[in-house]
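Participant: This is the structure I want to talk about, given as structure tokens.
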Amino acid sequence: MRRALITAFGLIACAAQAGTQEANFTGPLITPNASALPAGMVLAEPYFIYSESHANYDAQGDRHDDRPGSHQWLLLVPVTLGVTRRFNVQLTGGIAYNVSGGYHSDGARLADTTLTFQYMFVAPRGDGTGPAVSASYAHVFPTGKYDRLGDNPLNATGTGASVDRLAVFAQQLFWLDNGHPLRLRAQWAWSPAPARVYLDGMSAHGTSKVFQGWVKPGSTLGITAAVEYGLSQHWALATDLTWSHQRSGMLQGTDCWPDAYQSVEQRKPVSWSYSIAPAIEYNINGNFGIIAGAQMSFAGHRSASYVTPQIAVNMVF
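The sequence shown lines up with residues -18 to -1, 1 to 299 when you count with mature numbering (1 follows the signal peptide of the UniProt record, and there is no 0).
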């Protein structure tokens, strides 16, 4: 399961005027919008995501098959509220269903939930051009199941960690000489190492059903950049490039078998990955759009190789 995917999907529709021209964008799949929603406006953008992984990258960056691999269906719903013209609040929840080989989770289950506060320090001009710069603080609440999984590890839909995330992101809209709009985005996001997560039994962290102990994940750093190009008033192309890095963590505890106790101590190694996420957008107007594409890893270090097709509907009220 690619939990990294359950990450910065706060995208916003943009309608900008340049003379008599209009640019409608839903936003790319990954990199969030640096422009705040106007006060009182609400944006909802449900994502339907399928994630598939059948290989891993080793310490040298070589890719190796890992069968049967993992599959996840995820419904992710970010809802954003414009509180003031510069301050937004976003709540993101979701449900997930996992499959591996001939096994599956016991139905769809709640994933982790994220609450994000965004403040726009630099606002674009009235016509939508000029830079926009924002910062955000997000907290991930461990609402997904992560331990006491019984005999089915596929019931895990969360990590158990309460994670804080700080991000700075920017964007700018340009009108090219050919009359087509081009929008650029970038984001830097960092999460400090969360507190220990105490585990009981089989868990999302690979422990056995008799395990008692804790895991402490490492800090994470992510950088993304995106470009959108308007083909017409309704159609646009988008692409994200991402890099994510996680520092080493620690798993420690005891397997409490009926006739023996066995100490468990594992250091989780540093990992990183690169991915690309091309997509196509269809924007009916500035308040309603659809985007479809796929995020695909193309390099990594002690991380999963994955392909993640997805589609989202962007609705502004």
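Positions of the beta carbon are idealized from the N, C-alpha and C atoms, including for glycine.
1. Return the CA-CA distance between GLY268 and MET23, expressed in angstroms with no decimal places.
2. Say whether the stretch 7 to 21 touches the stretch 57 to 64, bearing in mind that this needs 3 or more beta-carbon pairs closer than 8 Å, one atom from each stretch.
3. Give the DSSP-derived three-state secondary structure of PRO135 in the structure shown.
4. Start and end of the beta strand (DSSP E) containing ASN38?
5. Considering only the beta carbon of each residue, do LEU219 and ALA5 sit closer than 8 Å?
6. If you draw a straight line from the C-alpha of THR(-12) to the C-alpha of TYR39, how long is it?
7. Would the stretch 75 to 90 and the stretch 109 to 119 be scored as touching if the rule is three or more Cβ pairs under 8 Å?
8. For GLY271, tell me which candidate among GLN292, ASN296, ARG178 has the shortest Cα-Cα distance.
9. Apply the 10 Å Cβ neighbour rule to GLU27 and answer buried if 16 or more other Cβ atoms are within range, or exposed otherwise.
10. In this structure, does DSSP put SER285 in helix, strand or coil?
11. How many Å lie between residue 353 and LYS198 at the Cα?
12. Under the three-state reduction of DSSP, which class applies to GLN215: helix, strand or coil?
Facilitator: The structure says:
1. Between GLY268 and MET23, the C-alpha separation is close to 13 Å.
2. yes
3. helix
4. That run of the beta strand (DSSP E) goes 29 to 39.
5. No, these two residues do not count as a Cβ contact at 8 Å.
6. A caution first: THR(-12) carries a pLDDT of 36, below 50, which makes its placement in the model unreliable, though a value can still be read off. Computed Cα separation, rounded: 21 Å.
7. no
8. ASN296
9. buried
10. strand
11. No answer is possible for residue 353: it lies beyond the span of the chain, which begins at -18 and ends at 299.
12. coil
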